[in-house]
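Accompanying notes for the structure given below.
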Amino acid sequence: MTQQQPGAPYRSATEPAYGGPAGQPPIWAPRYGASFGQAVGRFFRKYATFSGRASRSEFWWAYLVVAGVSFILVAVAIAYRVATVEYRTYDLGGGQVYQATTPPGPVFWFLLALPALWWLATIVPTLALGWRRLHDANLPGALYLIAVFVGIVGIVFGLLPSNPEGARHDRPEAGR
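For the sequence shown, the tail end lands on 1347 under this note's numbering, and the numbers increase by one without skipping.
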């Protein structure tokens, strides 16, 4: 008996049956209706996997985490800088006054390095996820490179519906 994954948008004769525990899809297959934890887990487990497909829920939950953590890390660095900035006033004589801020300290630079490290840690899985998302829409994954230069394109690609013909990008033997 074949098991269909809950929430799958289509079912075709070319699709393999899911045989994981409780009907869970194997790691190489898209996880339609993925929860937050499932999507983030698959995002990191499939770190550099450019073959296969990713569902919209996998894409958007991971996108939310990457963007959210980036925003929080940058906000912490900026808040620290704003809270610790000091203004110094210098009298240049003749009624001229010069006001300057103190240079940022090492803690600020450390806090500013954290978003850069997060970006380095997530750039490959983010590209791989977008690549797989396009496969699910039956488009070539390389199109996702456009999103690197035109950010709104990545959002549009994430909104594309699934297409059953995208199963041609699956590599079941790679996930075993």
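In this text, a Cβ means the ideal position worked out from N, Cα and C, and glycines have one as well.
- Cβ-Cβ separation between R1202 and Q1209: approximately 6 angstroms, consistent with a contact (criterion under 8 angstroms).
- By the C-beta criterion, the stretch 1222-1233 is judged to be in contact with the stretch 1298-1315, since at least 3 inter-stretch pairs fall below 8 angstroms.
- DSSP links T1260 through a beta bridge to Q1270.
- Under the three-state reduction of DSSP output, G1312 falls in the helix class.
- Per the Cβ contact rule, the stretch 1253-1265 is not in contact with the stretch 1316-1323 (fewer than 3 Cβ pairs under 8 angstroms).
- Under a 10 Å Cβ-count criterion, S1206 is classified as exposed, with fewer than 16 other Cβ atoms of the shown protein chains found around its own Cβ.
- Close CB contacts of T1273 within its chain, under the 6 angstroms cut and outside five residues either way in sequence, are with E1257 (chain order).
- In the three-state scheme derived from DSSP, where H, G and I count as helix and E and B as strand, D1307 is classed as helix.
- The DSSP-derived three-state label of R1216 is helix.
- In this structure L1244 does not touch L1310 by the C-beta definition: roughly 32 angstroms separates them, more than the 8 angstroms allowed.
- Our two residues, E1229 and I1198, have alpha carbons roughly 12 angstroms apart in a direct line.
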